[in-house]
Amino acid sequence: MKEFISGPGLVGKIVEHDIPQPGLGQVVVKMAAAGVNPKDWKMVDYGGCTPNGSFAEYAVIEANAAWVLGPQTAFEEAATVPLNACTAATGLYMERKLPAPWLPAKEPTPLIVWGATSAVGAYAVQLAVKSNVHPIICVAGSSKRYLEDFIDRSQGDTILHYRDSEDDIKQGIRNAASGHTILHAIEGVSSERSAHIMAETMGTGGHIGLVLFEKEHTDIPTHITHNKYNVSVMHENEKDFGFRHEVVPGGLNGVITAFERLKAGQAHAVKYVIKL
22 MKEFISGPGL VGKIVEHDIP QPGLGQVVVK MAAAGVNPKD WKMVDYGGCT PNGSFAEYAV
82 IEANAAWVLG PQTAFEEAAT VPLNACTAAT GLYMERKLPA PWLPAKEPTP LIVWGATSAV
142 GAYAVQLAVK SNVHPIICVA GSSKRYLEDF IDRSQGDTIL HYRDSEDDIK QGIRNAASGH
202 TILHAIEGVS SERSAHIMAE TMGTGGHIGL VLFEKEHTDI PTHITHNKYN VSVMHENEKD
262 FGFRHEVVPG GLNGVITAFE RLKAGQAHAV KYVIKL
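In structure tokens, the structure reads:
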């Protein structure tokens, strides 16, 4: 089979290799498409190795991580789901224990999603809607119009621009909460001021789910708890659940192009996918 092997820096090559063999509790999958995540180019740039990875014609996965696609879900769309949706689900349900979609909220439950047009943020918004969690207070950038397909304005959901002044964002958050105490906030991406701004608008006992592992958040008030959340296992396969994506041409030859675009910050409310 053909597989992409990365080298130091943003370089790599396609080589011929034996089809990998599964271990106990694993299966071999013939790859049709693979999503490219920000962590992928960082692993290439800073070092790391993933044996039997997804940038190949065949890959090994844990059997309990395999799931069946719905009839209207394309492979390219499905490739955008696992890492981002699982990360969002972890932050919302395992860490914050918000109402699950099958036991939806019955009263207003304000939720701040910072970086709502990132892949993780967009899934957090969609999952929150399914859980009847409102108002959803989205903080996003120039791609914020993308969120209009997900939020429910009639439930008080709103979108604020992250480049507005700190005071304007805080006031916008408070206005959107309509007097309800804000206890839940989650980052889809992290910025220098995101945690601080959200914390300033939240009530005692509030909690923020953070995505930036290496940063110490000393600016969060003591009445707000916070943790760094990561991927767990939760999949959804509905027709409209996939994140907006762009197939990078060239198959495995397009992997480096995708890495370079991610590193340059060119992905705005879009996920790059490699089609094999």
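Each residue of the sequence shown is one higher than the one before, starting from 22 at the first, in this note's numbering.
All C-beta atoms in this analysis are idealised placements derived from N, C-alpha and C, irrespective of residue type, glycine included.
Taking 8 Å as the cut-off, decide whether the C-beta atoms of valine 276 and isoleucine 245 are in contact.
Not a contact, by the Cβ cut-off of 8 Å.
Identify, in the order they occur along the chain, each residue of the same chain with its Cβ nearer than 6 Å to the Cβ of alanine 198, setting aside the five sequence neighbours on each side.
Around alanine 198: Pro131.
Given valine 160, which residues of its chain have a CB within under 6 Å of its CB, disregarding the five upstream and five downstream residues?
The residues are Trp135, Leu181, Tyr183.
Is it buried or exposed for glutamine 147, if we count other Cβ within 10 angstroms and need 16 for buried?
When all chains shown are included, glutamine 147 counts as buried.
Expressed to the nearest angstrom, what Euclidean distance is found between the alpha-carbon atoms of threonine 243 and lysine 118?
Going by the C-alpha atoms only, they are around 21 Å apart.
Over the uninterrupted beta strand (DSSP E) stretch that includes tyrosine 144, give me the two end residues.
Note, tyrosine 144: premise wrong, no beta strand (DSSP E); alpha helix (DSSP H) at 140-151.
Mind the definition here: the region 108-128 touches the region 165-181 only if three or more C-beta pairs lie below 8 Å; say whether that holds.
No, the region 108-128 is not in contact with the region 165-181.
Would you kindly report the start and end of the unbroken alpha helix (DSSP H) that includes lysine 191?
Per DSSP, lysine 191 belongs to the alpha helix (DSSP H) from 187-198.
Grouping DSSP H, G and I as helix and E and B as strand, with all else coil, what is proline 128?
According to the sequence shown, residue 128 is glutamate rather than proline. Three-state result, glutamate 128: coil.
Within the chosen definition, does the region 187-194 reach the region 213-221 through at least 3 CB pairs nearer than 8 Å?
Yes, the region 187-194 touches the region 213-221.
CA-CA distance, methionine 52 and glutamate 281?
Distance between the alpha carbons of methionine 52 and glutamate 281: 22 Å.
Near proline 125, what residues of its chain come up, given a Cβ to Cβ distance below 7 Å and the 5 sequence neighbours on each side ignored?
Excluding residues within five positions, the ones whose Cβ falls inside 7 Å are Ser152, Asn153.
Please work out which residues of its chain come closer than 6 Å, Cβ to Cβ, to alanine 279, disregarding the five sequence neighbours upstream and downstream, and give them in chain order.
These residues qualify, in order along the chain: Val57, Val269, Tyr293.
Given a cut-off of 8 Å, decide if histidine 247 and leucine 231 are closer than it, judged by their beta-carbon atoms.
Yes; because the gap between Cβ atoms is below 8 Å, this pair is in contact.
Leaving out five residues on either side along the sequence, give the residues of the same chain with a beta carbon under 7 Å from the beta carbon of glycine 46.
Only Glu83, Ala84 meet the Cβ criterion.
Can you tell me where the beta strand (DSSP E) holding glutamate 208 begins and where it ends?
Looking at the DSSP string, the run of the beta strand (DSSP E) that includes glutamate 208 is 205-208.
For my contact list, leucine 273 and isoleucine 40 are in at a C-beta cut-off of 8 Å; report their separation, rounded to the angstrom.
No, leucine 273 and isoleucine 40 are not in contact; Cβ-Cβ is about 15 Å, not under 8 Å.
Taking all protein chains shown into account, decide if tyrosine 67 is buried (16 or more other Cβ within 10 angstroms of its Cβ) or exposed.
Residue placement at tyrosine 67 cannot be trusted, given a pLDDT of 44 that sits under 50; what the coordinates show is reported in the next sentence. So tyrosine 67 ends up on the exposed side.
If you check the beta carbons only, do alanine 77 and phenylalanine 25 fall under 8 Å apart?
Yes. Within cutoff.
Contact defined as beta carbons within less than 8 Å: I believe valine 141 pairs with glycine 209. What is the distance between those atoms, to the nearest angstrom?
Valine 141 to glycine 209, Cβ: 4 Å. Contact.
In its own chain, which residues sit with a C-beta less than 7 Å from the C-beta of leucine 113, not counting the 5 before and 5 after it?
Leu119, Ala145, Leu148, Ala149, Ile207, listed in sequence order.
Closer than 8 Å by C-beta to alanine 87: which residues in its own chain qualify, once you throw out the five before and the five after it? Chain order, please.
Result list for alanine 87: Val48, Val50, in chain order.
Is isoleucine 133 helix, strand or coil by DSSP?
Strand.
Determine the extent of the alpha helix (DSSP H) in which histidine 217 is found, giving its start and end residues.
From DSSP, the alpha helix (DSSP H) with histidine 217 extends over 215-221.
Could you pull out every residue in the same chain whose Cβ sits closer than 7 Å to the Cβ of proline 43, ignoring the five residues on either side in sequence?
Excluding sequence neighbours, proline 43 sits near Val49, Val81.
Under the DSSP definition of a beta bridge, which residues are partnered with threonine 179?
Beta-bridge pairing links threonine 179 to Ile158.
What are the residues that DSSP puts in a beta bridge with glycine 91?
DSSP lists no partner for glycine 91.
Glycine 200 to glutamate 221, Cα distance in whole Å?
Glycine 200 and glutamate 221: Cα-Cα distance of roughly 15 Å.
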